[in-house]
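Residues 1 to 804 in the UniProt record's numbering are what the sequence shown lists, from first letter to last.
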Amino acid sequence: MEMGKSLEAETSGESSAIDYDVFLSFRGPDTRQTFTDCLYHEMLEANIRVFFDKEDIHVGKEIGDELSTAIEKSKIYIPIFSRGYASSPWCLRELARMVECKKYKPSEKEILPIFYDVEPHDVKLKSQLYVGPLEEHEERFGPEMRRKWEDALTSVAQIKGWELKRQGYRKETIEAVCLDGNAQEIYKSEEFSRVPNIRFLKLRGGYFVGDFKKQLSRLRYLSWNRCPHELLAINFHPRNLVVLNLSFSAITEDWAGWSQIKVAKKLKVLDLTNCNNMTRTPNFSGYLSLERLILKNCRRLIDVDGSLEKLKCLIFFNVDGCTNLTELSEGIGQLEKLEYLYLGNCRKLRKLPESFARVASLVELDLSYTAITRLPVSIGNQKRLSILKLQSTQIDELPSSIGNLRELKSLFLSGTKIKALPISIGNLESLLELDVSGTRCLRLPESIGGLSRLKVINISNSCIRELPRSIVMLKDLEELHGRDCSSLKWEIPEGISELLLLRVLDLQATRIRNVPATIQLLPQLEKLNLWQCKKLEVLPTLPTSLISLSFGSSLLQYVPDLSNLTELAELSYGGHDESCHPFFFQDGPCRQSLVFLPPSLSILSLEYHKLITSLSFHCDLRNLTRLRIYQCCWKEVQLDGLEQLIEFEVEGLKLLERFSGLSRLKRLKLWKLIGCPNLTAIQGLGSMESLEQLEIKECPKIESLDDLLNLKKLEYLAIRGCEVLPVVKGLDELETLKRLDFNRCRSLESFTNVFNSKIRDRCRITIFNCSKLVDPSYGGLVSSYKQWKAQEVSNRVRNQSSQN
């Protein structure tokens with residue numbers, strides 16, 4: 001698809017560990033906002049795992065690992081052929097990859113084409129619609145690639161698909177209907193006789209009424225959210241039903257529909273999400289073809305019927321969020337094909353049934369946020385297990401058999417009571433991600449060095465005191481997260497230079513003192529976070545690959561020149577030793593200039609700088625779009641040279657008296673000014689013509705603001721704690737305002753002329769503790785405020801007239 005790299009699937013997890021049901025291939029500008037988006041969300045509602053990419057553009061010529069793996073692991077490919085499909089090299093690459101996967105695994109893969117606004121002969125290259133773009137691609141990618149794409153197109157075009165363009169939307173060809181009526185809507189059987197070929201039906205609430213003996217015979221998909229507790233229809237027998245979604249319904253286990261729907265021998269998906277009247281499940285004996293059973297968030301459910309054991313085809317079972325479920329049926333052990341078991345947030349579930357030992361096909365197991373205290377030794381039998389989630393359980397140790405899980409890719413232990421990991425953890429040769437954040441774990445075993453494929457370690461907010469020496473053996477490690485480990489006394493070893501793939505090193509709020517010079521040898525390092533490392537003394541020369549850098553320490557004695565970090569986009573720079581000012585040049589007795597920063601910076605945060613001076617920017621920051629200044633002692637902030645700023649936040653500048661250069665911030669959209677008690681005026685505010693959000697809070701000495709009439713894009717204005725501000729001018733000209741908040745502006749007498757204002761009536765306004773405006777408070781729409789103030793003026797005039 002001509003999109004980016006964000007993955008969308010029904011469940012989260014390491015993308016490479018997920019088998020998808022469907023891979024959608026489409027050209028975004030053609031169908032993303034219309035047909036494809038509807039199709040995608042309908043599939044999600046049916047708990048179909050869909051790979052759907054939501055970005056807008058691709059960079060580069062090859063399909064990335066994530067997309068290639070997603071295609072390989074998907075069972076069904078749905079290319080949506082639109083008029084512009086062939087103009088996208090990315091779509092053509094995807095299609096070629098699908099054909100390739102289908103060729104090697106013909107019995108496991110299906111291609112189901114949709115001809116959206118083209119016809120099959122267009123895709124067979126019998127018209128210029130696709131031939132033209134292919135000729136252009138040949139100039140760029142060569143004749144061999146063109147032949148490969150032509151073969152893929154003509155091959156898929158031979159498959160009978162869904163021809164939207166030719167079929168049109170006549171009643172006899174209508175296959176999908178969405179009825180979005182109210183909960184009491186009545187749908188009579190004779191109404192459905194007009195659409196005999198309906199295969200997909202979605203409705204929200206409502207009642208089926210009448211005899212449906214001759215209706216809905218071809219129905220495959222029924223989404224009936226908020227289904228009422230009683231079924232008024234008779235002979236409701238959708239024999240060919242494959243997907244039934246009754247989520248958010250009032251039905252119980254005694255619902256009359258269960259007996260009628262039993263005729264649906266092909267039913268594969270049953271979704272009962274949020275059916276909160278259900279205390280026990282229905283008997284499943286009539287649904288022996290079920291592959292997916294979803295009981296998510298059925299909060300009153302206390303019993304899963306023993307007939308569960310008869311569902312020999314069940315692959316996916318989700319009871320996540322069934323907070324009253326105390327035990328799982330022993331029948332779980334009979335589910336030979338079960339691959340996905342989700343028990344997360346079943347907070348009363350204390351143990352797994354003994355029969356769990358017989359389940360051997362699991363790919364993903366979620367026990368997070370349950371009351372389970374022990375993981376059975378039999379867990380080692382799950383030879384296919386890829387994802388194991390144990391977050392916030394009561395488990396305090398792992399069995400050594402966990403080392404038998406040779407296919408395990410993700411192990412989540414955050415928030416558990418585990419104090420140590422077994423040595424056998426080093427046998428998890430496929431492990432990609434290990435999360436022990438927020439645990440009582442005191443150490444990681446040296447055997448961790450055997451995790452040769454490990455990409456991510458997260459020990460954040462844990463009790464870990466040091467990391468093993470063997471950590472430098474993790475040649476594939478890309479991310480090491482260790483923030484808020486207050487007990488961590490570990491110093492980054494010289495051998496860290498061996499981790500050539502390391503991209504993220506996050507040690508925020510740890511006791512680290514020094515960073516070895518060898519860190520500059522990490523060619524892939526993009527993010528280094530040493531924020532709030534209060535004992536940090538030295539920062540060496542850093543790798544030029546850095547994109548994000550955060551550091552700050554009152555003990556910091558040396559910081560390198562950062563101007564050579566040509567990729568650096570984000571810098572957070574905190575307080576330092578009074579004698580160390582690596583980026584500030586003292587160009588006068590009361591002035592500091594910011595220097596030695598790369599022009600690539602787009603985000604800059606300056607915090608806890610104590611010297612009482614003025615601040616100016618004398619380096620090239622032409623790309624800076626976000627600036628945050630927090631708890632500094634500057635009396636003046638000069639903003640010359642920052643014309644590209646879009647967001648500007650200032651908080652806690654107790655000595656600040658003035659800004660200069662505000663009038664040049666023509667692109668600024670957001671400005672937050674908080675806690676500046678010595679600021680008396682803001683000059684240049686009226687020139688910020690792009691401003692959309694303005695917040696001025698806890699600035700008690702501000703006496704005046706510029707006229708705001710030129711802020712034609714302002715949508716939100718909040719003024720709080722400006723005790724002596726008497727008036728806000730120009731608001732009456734601002735038609736874009738959506739929200740106004742005034743709080744503790746005790747001198748504020750006026751902000752609008754209720755008889756001549758362009759502020760839209762639907763703008764919301766809140767006034768609190770502004771006694772000269774409203775006493776005691778007001779909250780509502782501007783239209784009501786205008787009426788109220790107009791009535792107040794009228795009453796005042798009437799009273800004066802009567803007195804005269």
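Glycine is no exception: its CB is placed at the ideal position from the N, C-alpha and C atoms. Because the structure is a prediction, the values reported are computed rather than measured.
Can you find the residues in the same chain that come closer than 7 Å, C-beta to C-beta, to residue 96, ignoring five residues on each side of it along the sequence?
As a position in the sequence shown, residue 96 is number 96, starting the count at 1. Closer than 7 Å at Cβ, skipping near neighbours: 148, 149, 152.
Would you list the residues sitting across from residue 862 in a DSSP beta bridge?
With the chain covering 1 to 804 only, the question about residue 862 has no answer from this structure.
With which residues is residue 743 paired in a DSSP beta bridge?
Looking up residue 743 in the sequence shown gives position 743. Residue 743 is bridged to 720, 768.
Compute the Euclidean distance between the alpha carbons of residue 631 and residue 448, then round it to the nearest angstrom.
In the sequence shown, residue 631 corresponds to position 631, counting from 1. In the sequence shown, residue 448 corresponds to position 448, counting from 1. So the alpha carbons of these two residues sit roughly 42 Å apart.
In angstroms with no decimal places, state the Cα-to-Cα distance between residue 657 and residue 613.
Translated into positions along the sequence shown, residue 657 becomes position 657. Translated into positions along the sequence shown, residue 613 becomes position 613. Straight-line Cα distance between these residues: approximately 11 Å.
Looking only at C-alpha atoms, which of 110, 219, 99 sits nearest to residue 75?
For this step, residue 75 is matched to residue 75 along the sequence shown. When each option's Cα is compared against that of residue 75, the closest is 110.
What does DSSP give as the partner residue(s) for residue 115 in the beta ladder?
By 1-based counting over the sequence shown, the position of residue 115 is 115. When beta bridges are read from the DSSP output, residue 115 appears opposite 81, 163.
Just reading off the beta strand (DSSP E) that residue 779 is part of, what are its end residues?
Numbered from 1 along the sequence shown, position 779 holds the residue referred to as residue 779. 777-781 is the span of the beta strand (DSSP E), which, as asked, contains residue 779.
Would you kindly work out how many angstroms separate the C-alpha atoms of residue 609 and residue 139, rounded to a whole number?
The sequence position of residue 609 within the sequence shown is 609, counting from 1. The sequence position of residue 139 within the sequence shown is 139, counting from 1. Rounded to the nearest angstrom, the two C-alpha atoms are 57 Å apart.
Quick one: what does DSSP say residue 795 is sitting in, helix, strand or coil?
Here residue 795 is taken as the residue at index 795 of the sequence shown, counted from 1. Here residue 795 sits in helix by DSSP.
From residue 221 to residue 311, what does the alpha carbon distance come to, in whole angstroms?
Stepping through the sequence shown from its first residue, residue 221 is reached at position 221. Stepping through the sequence shown from its first residue, residue 311 is reached at position 311. Approximately 20 Å, taken between the alpha carbons.
Quick one: grab the DSSP three-state call for residue 210.
Residue mapping note: residue 210 aligns to position 210 of the sequence shown, counting from 1. Three-state DSSP puts residue 210 in a strand.
Per DSSP, which one or two residues make a beta bridge with residue 96?
By 1-based counting over the sequence shown, the position of residue 96 is 96. BP columns for residue 96 are empty, so no partner.
For residue 361, I'd like the list of residues in its chain whose CB is within less than 7 Å of its CB, leaving aside the five on either flank, ordered along the chain.
Taking the first residue of the sequence shown as 1, we reach residue 361 at position 361. Same-chain partners within the cutoff: 336, 337, 338, 339, 384.
Would you mind reading off the limits of the alpha helix (DSSP H) that contains residue 121?
To locate residue 121, count along the sequence shown from 1; it is residue 121. Residues 120-123.
Leaving aside the five residues before and after residue 544 along the sequence, list all residues of the same chain whose C-beta is less than 8 Å from its C-beta, in chain order.
Indexing the sequence shown from 1 puts residue 544 at position 544. If we look at residue 544 and ignore the five residues flanking it on each side, its Cβ neighbours are 564, 565, 566, 567.
Buried or exposed for residue 796, please, with buried defined as at least 16 other CB atoms from any protein chain shown within 10 angstroms of its CB.
Within the sequence shown, residue 796 is the residue found at index 796, counting from 1. Residue 796 comes out exposed.
I'd like the list of long-range same chain contacts for residue 785, defined as Cβ closer than 6 Å, with 5 residues on each side in sequence excluded.
By one-based count along the sequence shown, residue 785 stands at place 785. These residues qualify, in order along the chain: 765.
Hey, residue 389 and residue 368 are a contact pair by Cβ (cut 8 Å); roughly how many whole angstroms apart?
Residue mapping note: residue 389 aligns to position 389 of the sequence shown, counting from 1. Residue mapping note: residue 368 aligns to position 368 of the sequence shown, counting from 1. Confirmed, Cβ separation roughly 5 Å.
Report the three-state DSSP secondary structure of residue 378 (helix, strand or coil).
Residue 378 sits at position 378 when you count from the first residue of the sequence shown. The answer is helix: DSSP assigns residue 378 an H, G or I state.
Alpha carbon to alpha carbon, how far is residue 788 from residue 316?
As a position in the sequence shown, residue 788 is number 788, starting the count at 1. As a position in the sequence shown, residue 316 is number 316, starting the count at 1. Using only the alpha carbons, I get a separation of about 59 Å.
Of the choices 188, 277, 441, whose alpha-carbon is the least far from that of residue 301?
Along the sequence shown, read from residue 1 onward, the residue named residue 301 stands at position 301. Ranking the options by Cα distance to residue 301, first place goes to 277.
Residue 128 lies in the alpha helix (DSSP H); which residues open and close that run?
Your numbering for residue 128 matches position 128 in the sequence shown. Residue 128 -> alpha helix (DSSP H) spans 128-141.
Of the residues 157, 304, 455, which one's Cα is nearest the Cα of residue 79?
Residue 79 sits at position 79 when you count from the first residue of the sequence shown. Ranking 157, 304, 455 by Cα distance to residue 79 puts 157 first.
Let me check one thing: in DSSP terms, what residues is residue 317 bridge-paired to?
Within the sequence shown, the letter at position 317 stands for residue 317. DSSP lists 293, 341 as partners of residue 317.
Return the residue from the list 244, 681, 718, 378 that minimises the CA-CA distance to residue 43.
The residue you call residue 43 lines up with position 43 of the sequence shown. The option with the nearest alpha carbon to residue 43 is 244.
Tell me which residue opens and which closes the alpha helix (DSSP H) that residue 260 is part of.
Within the sequence shown, residue 260 is the residue found at index 260, counting from 1. Its alpha helix (DSSP H) spans residues 257-261.
By the 10 Å Cβ neighbour count, where 16 or more other Cβ atoms means buried, how is residue 186 classified, buried or exposed?
To locate residue 186, count along the sequence shown from 1; it is residue 186. That one is exposed.
Alpha helix (DSSP H) containing residue 189: first to last residue?
By 1-based counting over the sequence shown, the position of residue 189 is 189. Its alpha helix (DSSP H) spans residues 189-192.
Suppose you measure from the CA of residue 107 to the CA of residue 159; what does that come to, to the nearest Å?
On the sequence shown, residue 107 is found 107 positions in, with the first residue counted as 1. On the sequence shown, residue 159 is found 159 positions in, with the first residue counted as 1. Cα-Cα distance, rounded: 15 Å.
Rank 650, 743, 93, 537 by C-alpha distance to the C-alpha of residue 636 and give the top, closest one.
Taking the sequence shown and counting its residues from 1, the one referred to as residue 636 is at position 636. Nearest C-alpha to residue 636: 650.
Could you pull the DSSP bridge partners for residue 506 from this structure?
Working through the sequence shown from its first residue, we reach residue 506 at position 506. Residue 506 is bridged to 481, 529.
Tell me which residues share the same chain as residue 306 and place their Cβ nearer than 7 Å to its Cβ, disregarding the 5 neighbours each side in the sequence.
Here residue 306 refers to the residue found at position 306 when the sequence shown is read from its first residue. So the qualifying residues of the chain are 329, 331.
Around the Cβ of residue 726, are there at least 16 other Cβ atoms within 10 angstroms (buried) or fewer (exposed)?
Translated into positions along the sequence shown, residue 726 becomes position 726. Answer is exposed; the Cβ neighbour count stays below 16.
Is the distance from the Cβ of residue 692 to the Cβ of residue 664 below 9 Å?
Mapped onto the sequence shown, residue 692 falls at position 692. Mapped onto the sequence shown, residue 664 falls at position 664. Not closer than 9 Å, so no.
Could you name the residues that DSSP lists as bridge partners for residue 412?
As a position in the sequence shown, residue 412 is number 412, starting the count at 1. 389, 435.
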